[in-house]
Amino acid sequence: MEELKNVENVTDEKDNEKESKKVGKGKKIVGIIAKITLSLCIGAFTYLYLNDYGLYLDRFTQNDSDHYIIYKEGEYTFECHSAATSDSEWRPIDSINAYRKVGFLYQQVDENEKYVKEFTLYDKDGESVALMTQIKGKDAYYYFIIWIQDVRLANDDDEKESDESDNVVGYLTFRMISDKVTVDGNEIKLDNYSFFSVMEEVKSIEVLGEKLDIKAE
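Using our numbering, the letters of the sequence shown correspond one by one to residues 16 to 232.
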C-alpha cells in the first residue's frame, strides 16, 4: 500500500511539473506576443508621425481666422494664408497648406510629390508673374495661383508704405494679378484671386488676354 502511495505521489508531481511547464510556456508566448504588438504599435505610430499623419486636423492648422481662409474640397482641407484681415474684400492668398483625409486620419501633403506639383508662370517677356500649385484629388485637380509681388521705390502718385517714423520706403505692387483666368479655353473666376478647380490637368492658361508659359519647378 505504501508503495502505491509513493507511485501516486510521483505521478502527481510529474503532472504538476507538466502543468507548470504549460503555464510557463503560455506566459512566455503571451509575453512575446505583447512585445511584438507593442513594437508594431510603436513602429506604426512612428511611421504615421514621420509621414505627416495625424488623428486630428487641429494638430496642423493655425486657427487664426483673421489671416487664414479654409477650403474643404473632396478629400482635402486647404488652409490658405492671406495678408489681409477678415473684414477686407481684397484677400489674395500668399501660401497654402494641404491636408488629405485618409480613412480616420489626416495627412499633410504640402511637399508630397505624389499629390502636389509646383509651377511658375511666365509672361511674354520671360518674367515670372505667379507661382501655381497643383494638388491632385480623387475627382478633381485643385489649383492655387500666388501672384508675385515687388517692393519698389515710391513715387508721389503711387500707393506708399511707410516705416514707424513715417518715412516713405517704397510700395508693394503685383507683377500681374487678376480675379479671372482662361484655362484651356474656358474662363474661370478665381476665388480670392487664387483658387480654382478643374477635372483635368491644366495645359494652358491666359491672364488679361496674355498666354502665360507654364514651367514645372
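Glycine residues also receive a C-beta, built at the ideal position from the N, C-alpha and C atoms.
At which residues does the beta strand (DSSP E) containing residue i begin and terminate?
i, result
"residue 214", "Neither: residue 214 is in no beta strand (DSSP E) and is coded neither H nor E."
"residue 112", "108–117"
"residue 167", "164–167"
"residue 85", "83–88"
"residue 221", "220–222"
Buried or exposed for residue i, please, with buried defined as at least 16 other CB atoms from any protein chain shown within 10 angstroms of its CB.
i, result
"residue 147", "buried"
"residue 162", "buried"
"residue 167", "exposed"
"residue 205", "buried"
"residue 111", "buried"
"residue 225", "exposed"
"residue 209", "buried"
"residue 94", "buried"
"residue 85", "exposed"
"residue 227", "buried"
"residue 219", "exposed"
"residue 103", "exposed"
Using a threshold of 7 Å, is the CB atom of residue i nearer than that to any non-hydrogen atom of the ligand FMN?
i, result
"residue 123", "Only the bare structure without any ligand can be found here, which leaves the ligand FMN out of the picture."
Quick check on DSSP: helix, strand or coil for residue i?
i, result
"residue 96", "strand"
"residue 231", "strand"
"residue 139", "coil"
"residue 198", "strand"
"residue 124", "coil"
"residue 206", "strand"
"residue 150", "strand"
"residue 310", "Absent from the structure is residue 310, since the part of the chain shown begins at 16 and ends at 232."
"residue 23", "Confidence is the limiting factor: at residue 23 the pLDDT is only 48, short of 50, which leaves the residue's position unreliable, though a coordinate-based value still follows. Helix at residue 23."
"residue 225", "strand"
"residue 145", "strand"
"residue 192", "coil"
As a quick exercise: from the options, pick the residue whose alpha carbon is nearest that of residue i.
i, options, result
"residue 202", "217, 143, 104 and 145", "217"
"residue 231", "88, 195 and 149", "149"
"residue 92", "115, 106 and 155", "115"
"residue 197", "207, 211 and 188", "211"
"residue 128", "220, 142 and 113", "113"
"residue 89", "221, 219 and 213", "213"
"residue 153", "117, 164, 143 and 159", "117"
"residue 125", "215, 105, 157 and 82", "157"
"residue 221", "131, 200 and 143", "200"
"residue 194", "97, 82, 105 and 188", "105"
Evaluate the contact criterion for the region 135–144 versus the region 115–126: three or more CB pairs, one atom per stretch, below 8 Å.
no
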